[in-house]
């Protein structure tokens, strides 16, 4: 692809304005009438003029790019979250550099290195790989969503403890005596652990046995299904499940059906997340809904504050709600 | 955020190598032992050195960024597709600029303008807004997925006609006599129309009545549900539905249930897409599965060919398959 030789002067001549005016339109600076802006844009289009944005960035030391480092967009929660983040960032004039870290710490590290190389104005992170030492010395504005990265990085999270209480209480109110929980492995520093803490406190208070099955987010569907078969084998008495996310809840219901259990007659199930796609594809699921849009708005605001040089390490916690389906 | 004053020389001194070696590590050029690479990276990290990638891009006239312009990642098909594209592009050294156009042509136009401003090496597009005139004069490598953009832009699509035949034939084999189809509005230049053409040809051949309900992808869930209630009101005789995507299939089944119809006893349903999330959340749905991973691989290959200066406007069509659930 060749670079065309059209110059700022040519645009000015065709638009019938001065070079300074074209430059002001490009840089969005000073007072400009809509008519002038339209004239310049029209001339740029006619001439196929492409301003050298890269040179401009070099001068401004700003890229107007924000990197998102999350496990994958192929998931109801992260898909909706990244769509909301993209929308909020777009409103503020940023574009999004997508970084699906998947289950690969090397890949998260590589993204971070690239991102640290001056290509983004900030990062919003929520990947699940531990031990990414780069975060500790990070010199860029960073906000985390639902992940404890380092003490200097603010976290936006739902009120996971309250969500764990709502879910467990719903199952107790339904008369369940043998409630099983699923969550991430215990060594992952995630606010999700608050869901487990709430479950365990309520079960202890009611003198009921508690069992948590640990399921990595990044495991394959086949591996997860194997764990859930084991759950029913080891605990045939189970009459309630509080799953840490809706896709696990769905898989558990599928396994339950294969084992001849009817939901909700023989087994009550409560999920967590309540994302758009889950509400569309599995509306019968009773679940704890996270305020995904508000989480995105809060994260972008915290990031903007850091980019603007405001010192802020305050974390934000947002309320959840119980969505009544038919599974509990 | 201030730029630090650490220079290439400082990194070379700390790593105990020459400036040329540091530069070769940064540019990934020439033979380098892993030990040398590690030494340089370690020194860069100690010094918080951030090479000026932007300046390097200006010199190379390459950004190694590829823009994705699709409606939204908050969707089973597009979420999986963008995750696959990101993965394929990452393997080739590109990072992804995410552009959710949503139902807003202005936003798609704005992305295109920004993208045309020299910030990406290429575009992969699949948004649903029509009349985006910029595509016609585009000077960048562009590949489209499931959208007819302009005659010069190659399209990667599933074999939608074969998918339409498989879906309609399944419903005919199930004994359905009153099969209704949903699809995009007729004026949208999309290969999806091939699904409709297949449906209409088979219905005509069997001498059966045909009705297509037009549903915009970007309509709200509430608007879509309204259309599906109308479908049951206007055609109480319906005994089969071939939905143009799985989320519509799910909504139709919800409305059917509200109207007292049992699936599959009273109503058979076949969807389209067969994406990961749908298979996890709604495994009972019989659907036509698109080869999403292969579509991503093909699109990235076509884009790379264009970036490498190979003239190619060949479009690619990939096979689909029927996934047997319990709904048809």
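Residue numbers (UniProt numbering), protein chains in the order written: chain A, 1 to 328; chain B, 1 to 328.
Just so you know, even glycine gets a beta-carbon here, dropped at the ideal spot from N, CA and C.
Residue i burial status per 10 Å Cβ neighbour count (16 or more: buried)
| i | result |
| --- | --- |
| residue 95 (chain A) | buried |
| residue 248 (chain B) | buried |
| residue 186 (chain A) | exposed |
| residue 4 (chain A) | In this predicted model, residue 4 (chain A) has a pLDDT of only 47, less than 50, meaning its place in the structure is not dependable; the value taken from the coordinates is given anyway. By the neighbour-count rule (16 or more Cβ atoms within 10 Å), residue 4 (chain A) is not buried but exposed. |
| residue 128 (chain A) | buried |
| residue 191 (chain B) | buried |
| residue 314 (chain B) | exposed |
| residue 236 (chain A) | exposed |
| residue 33 (chain A) | exposed |
| residue 220 (chain B) | exposed |
| residue 224 (chain A) | buried |
| residue 177 (chain A) | exposed |
| residue 1 (chain A) | Note that residue 1 (chain A) has pLDDT 36, beneath the 50 cutoff, so the model's placement of it is unreliable and the number below is only indicative. Classification of residue 1 (chain A): exposed, given that the 10 Å Cβ count is below 16. |
| residue 18 (chain A) | exposed |
| residue 21 (chain A) | buried |
| residue 123 (chain A) | buried |
| residue 243 (chain B) | buried |
| residue 39 (chain A) | buried |
| residue 222 (chain B) | exposed |
| residue 99 (chain A) | buried |
| residue 299 (chain A) | buried |
| residue 35 (chain A) | exposed |
Integer Cβ distance of residue i from residue j, believed to fall under 8 Å
| i | j | result |
| --- | --- | --- |
| residue 227 (chain B) | residue 241 (chain B) | The pair is not a contact, with the Cβ atoms about 12 Å apart (cut-off 8 Å). |
| residue 145 (chain A) | residue 126 (chain A) | 4 Å |
| residue 328 (chain B) | residue 268 (chain B) | 4 Å |
| residue 165 (chain A) | residue 198 (chain A) | 5 Å |
| residue 167 (chain B) | residue 77 (chain B) | Incorrect: roughly 16 Å between the Cβ atoms, too far for contact. |
| residue 108 (chain B) | residue 143 (chain B) | That belief does not hold up - the Cβ atoms of residue 108 (chain B) and residue 143 (chain B) are roughly 16 Å apart, past 8 Å. |
| residue 79 (chain B) | residue 79 (chain A) | 4 Å |
| residue 62 (chain A) | residue 121 (chain A) | 6 Å |
| residue 330 (chain B) | residue 97 (chain A) | Chain B is shown only over 1 to 328; residue 330 (chain B) falls outside these bounds and no answer can be derived. |
Spatially closest choice to residue i from the options, by CA coordinates
| i | options | result |
| --- | --- | --- |
| residue 182 (chain B) | B:147, B:97, B:142, B:232 | B:232 |
| residue 215 (chain B) | B:18, B:33, B:245, B:26 | B:245 |
| residue 140 (chain B) | B:310, B:325, B:25 | B:310 |
| residue 279 (chain A) | A:40, A:325, A:18, A:16 | A:325 |
| residue 323 (chain A) | A:276, A:254, A:78 | A:276 |
| residue 8 (chain A) | A:48, A:256, A:93, A:151 | A:48 |
| residue 119 (chain B) | B:290, B:39, B:67 | B:67 |
| residue 172 (chain B) | B:124, B:210, B:22 | B:210 |
| residue 207 (chain B) | B:99, B:271, B:299, B:179 | B:179 |
| residue 26 (chain B) | B:35, B:16, B:14, B:41 | B:41 |
| residue 75 (chain A) | A:281, A:300, A:37, A:312 | A:281 |
| residue 254 (chain B) | B:234, B:274, B:229 | B:229 |
| residue 194 (chain B) | B:37, B:147, B:174, B:217 | B:147 |
| residue 72 (chain B) | B:83, B:101, B:213 | B:101 |
| residue 65 (chain B) | B:184, B:46, B:93 | B:93 |
| residue 105 (chain A) | A:218, A:16, A:31, A:84 | A:218 |
| residue 329 (chain B) | B:213, B:38, B:45 | This structure does not reach residue 329 (chain B), given that chain B is present from 1 up to 328, and the question cannot be answered. |
| residue 15 (chain A) | A:151, A:222, A:44, A:6 | A:44 |
| residue 291 (chain B) | B:170, B:84, B:112, B:13 | B:84 |
| residue 150 (chain A) | A:189, A:163, A:174, A:162 | A:189 |
| residue 169 (chain B) | B:270, B:135, B:12, B:250 | B:270 |
| residue 46 (chain A) | A:6, A:31, A:24, A:36 | A:6 |
Within-8 Å CB hit, residue i to chain E
| i | result |
| --- | --- |
| residue 315 (chain B) | The chain labelled as chain E is not found among the protein chains of the depicted structure, namely A and B. |
Practice item. Inspect the CB distances between the region 289 to 304 of chain A and the region 198 to 218 of chain A and report whether three or more fall short of 8 Å. Key: no
Exercise for review: Count the C-beta pairs between the region 149 to 163 of chain A and the region 310 to 320 of chain A that are closer than 8 Å, then say yes if the count reaches three, no if not.
Suggested key: yes
Check your understanding: Is it true that the region 270 to 287 of chain B meets the region 86 to 101 of chain B, where meeting means three or more beta-carbon pairs spaced less than 8 Å apart?
Key -> no
Point to revise | Contact set between the region 65 to 95 of chain A and chain B, restricted to residues whose Cβ is under 9 Å from the partner | key: 65, 67, 68, 72, 73, 74, 75, 76, 78, 79, 80, 81, 82, 83, 84, 86, 87, 90, 95
Review point. If we count Cβ pairs, one from each stretch, closer than 8 Å, do we get three or more for the region 299 to 308 of chain B versus the region 256 to 265 of chain B?
Key: no
Review point. For the region 261 to 283 of chain B, which residues have a beta carbon sitting closer than 9 Å to at least one beta carbon of chain A?
Key: 275, 276, 277, 278, 279, 280, 281, 282, 283
Check your understanding: For the region 242 to 257 of chain B, which residues have a beta carbon sitting closer than 9 Å to at least one beta carbon of chain A?
Key -> 246, 247, 250, 251, 254
**Study point:** Residues of the region 96 to 109 of chain A whose Cβ lies closer than 8 Å to any Cβ of chain B, in chain order
**Key:** 96, 97, 98, 99, 100, 102, 107
Exercise for review: Check distances from the C-beta atoms of the region 209 to 240 of chain A to those of chain B and list, in chain order, the residues that come in under 8 Å.
Suggested key: 221
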